[in-house]
Amino acid sequence: TRHLLGIKDLTAQDIHLIFDTADNFKEVINRPIKKVPSLRDITIANIFFENSTRTKLSFELAQKRLSADVINFSASQSSVKKGETLLDTVNNILSMKVDMVVMRHPNPGAPHFLSKHVDVSIVNAGDGAHEHPTQALLDTYSIREKFGKVEGRKVVIVGDILHSRVALSNIFALQRLGAEVKVCGPLSLMPKHLGDLGVEVETDLRKALDWCEVANMLRVQNERLDRSYFPSTREYAQQFGLTGELLREMDKELVIMHPGPINRGVEISSEVADSDQSIILDQVENGVAVRMAVIYLLASKIKK
Ligand code: CP
């Protein structure tokens with residue numbers, strides 16, 4: 006396929022190819038000259054209907070490091086505000102001879118819908134509470150970098166699993182690569198299909214941390230929460246927040262991850278987020294190389 010819509014569509018072999026390609030690009034972007042001419046003939050539009058810092062900047066930088074031409078679109082500053090539809094917006098952008106669209110949208114399935122209606126390569130940069138494939142790729146790449154391989158690692162994903170595209174994409178990626186995955190959080194924030202996915206739920210954070218080698222602490226997504234199903238933020242922090250005190254109690258070398266943006270003092274304390282056990286900024290660094298790999302591999306499938 007010439008799209009990256011979700012991790013669900015990828016095989017372990019696909020993911021290993023992305024990782025090996027990312028290894029090469031990571032070496033490139035650590036050189037004094039960080040750029041390669043590979044995509045000089047490719048034009049990419051980044052269209053964001055939801056806010057973003059990491060994903061948007063990391064895609065843009067990845068594209069520029071590959072020498073692609075880049076245009077950026079934020080719905081909040083666009084004619085979407087005047088009532089223009091998604092399809093009209095994209096068709097107008099494509100008329101400017103664009104080869105690839107990277108899209109973030111609040112509606113699950115929006116990039117899948119688009120892929121059926123326009124003739125362009127599409128990368129999902131997060132669709133509502135559905136998937137965030139490049140986040141899962143950079144997360145699993147960072148685990149591979151830390152441990153040498155993902156296979157056999159024990160990973161717990163902590164937080165609001167129900168509303169988290171990061172959780173779903175990570176579950177798919179970790180399982181494809183042979184890791185063991187558990188989720189931890191309030192039962193009211195667990196989706197019903199977890200059993201079908203073969204993922205065990207642990208509601209006790211201490212037990213979950215005792216079991217795992219890697220803890221991926223998700224952001225409490227206030228913008229997607231139905232407050233009636235959610236404990237107060239203070240209760241959440243007490244039961245599911247990762248603090249220095251709890252880590253010391255565990256007395257083991259856990260690797261701590263977070264996709265960002267962080268609610269400091271809610272799902273993770275500053276002490277833990279900024280500690281030597283945290284690989285949060287390594288995740289962000291790896292995001293550029295992983296996105297270069299995704300774009301490079303998809304661009305090779307675009308017929309000119
Ligand atoms: N991790 C992530 O998707 O962050 P942004 O929302 O800032 O892109």
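Going letter by letter, the sequence shown gives residues 6 to 309 in full-length UniProt numbering.
Each residue gets a CB set at the ideal place from its N, CA and C atoms; glycine is no exception.
Only a predicted model underlies this, so the values are computations on that prediction, with no experimental measurement involved.
Tell me the rounded alpha-carbon separation between Ala17 and Gly133.
As a working mapping, residue 17 is identified with position 12 in the sequence shown. As a working mapping, residue 133 is identified with position 128 in the sequence shown. Approximately 25 Å between the Cα atoms of the pair.
Any heavy atom of the ligand CP inside 7 Å of the beta-carbon of Ser57?
Against the sequence shown, residue 57 aligns to sequence position 52. Yes, since a heavy atom of the ligand CP falls inside the 7 Å radius drawn around the Cβ of Ser57.
I need the DSSP call for Met108, collapsed to helix, strand or coil.
For the purposes of this step, residue 108 is identified with residue 103 of the sequence shown, where counting begins at 1. The answer is strand: DSSP assigns Met108 an E or B state.
Relative to the alpha-carbon of Thr139, which residue among Phe118, Val107, Asp165 has its alpha-carbon at the smallest distance?
Counting from 1 along the sequence shown, the entry for residue 139 is found at position 134. Answer by Cα proximity: Val107.
Counting pairs of beta carbons, one from the region 73–84 and one from the region 21–36, are three or more of them closer than 8 Å?
no
Any idea if Leu192 is buried or exposed, counting beta-carbon neighbours within 10 angstroms, 16 or more meaning buried?
In the sequence shown, counting from the first residue as 1, residue 192 sits at position 187. When all chains shown are included, Leu192 counts as exposed.
Apart from the five residues on each side of it in sequence, which residues of its chain come closer than 7 Å, Cβ to Cβ, to Arg149?
The residue given as residue 149 occupies position 144 in the sequence shown. The answer, listed in chain order, is Phe24, Val155.
In this structure, does DSSP put Glu65 in helix, strand or coil?
To locate residue 65, count along the sequence shown from 1; it is residue 60. Three-state result, Glu65: helix.
Beta carbon of His117: closer than 7 Å to some heavy atom of the ligand CP?
As a position in the sequence shown, residue 117 is number 112, starting the count at 1. For the ligand CP, not one heavy atom lies less than 7 Å from the Cβ of His117.
Restricting to Cα atoms, I'd like to know which of His117, Ser174, Val163, Ala220 is closest to Leu91.
Taking the first residue of the sequence shown as position 1, residue 91 is located at position 86. Answer by Cα proximity: His117.
CB-CB under 7 Å to Lys61, same chain, minus the five flanking residues each way: which ones, in chain order?
For the purposes of this step, residue 61 is identified with residue 56 of the sequence shown, where counting begins at 1. Cβ within range, chain order: Asn51, Phe53.
So, do the region 160–178 and the region 204–219 have three or more beta carbon pairs nearer to each other than 8 Å?
yes
I'd like to know whether the C-beta atoms of Leu202 and Pro264 end up nearer to each other than 8 Å.
Taking the first residue of the sequence shown as position 1, residue 202 is located at position 197. Taking the first residue of the sequence shown as position 1, residue 264 is located at position 259. Not a contact, by the Cβ cut-off of 8 Å.
Assuming Leu44 contacts Ala298 under a Cβ cut-off of 8 Å, what Cβ separation, rounded to an integer in Å, is found between them?
Here residue 44 is taken as the residue at index 39 of the sequence shown, counted from 1. Here residue 298 is taken as the residue at index 293 of the sequence shown, counted from 1. No, Leu44 and Ala298 are not in contact; Cβ-Cβ is about 12 Å, not under 8 Å.
Check whether the Cβ of Gln226 sits closer than 7 Å to any heavy atom of the ligand CP, and report yes or no.
Position 221 of the sequence shown, counted from the first residue, corresponds to residue 226. It does not: the Cβ of Gln226 is nowhere closer than 7 Å to a heavy atom of the ligand CP.
So Met255 is in the alpha helix (DSSP H); what residue range does that whole segment cover?
Taking the first residue of the sequence shown as 1, we reach residue 255 at position 250. In this chain, the alpha helix (DSSP H) harbouring Met255 covers 249–255.
Quick one: using the 10 Å Cβ neighbour count with 16 as the cut-off for buried, is Gln68 buried or exposed?
For the purposes of this step, residue 68 is identified with residue 63 of the sequence shown, where counting begins at 1. It counts as buried.
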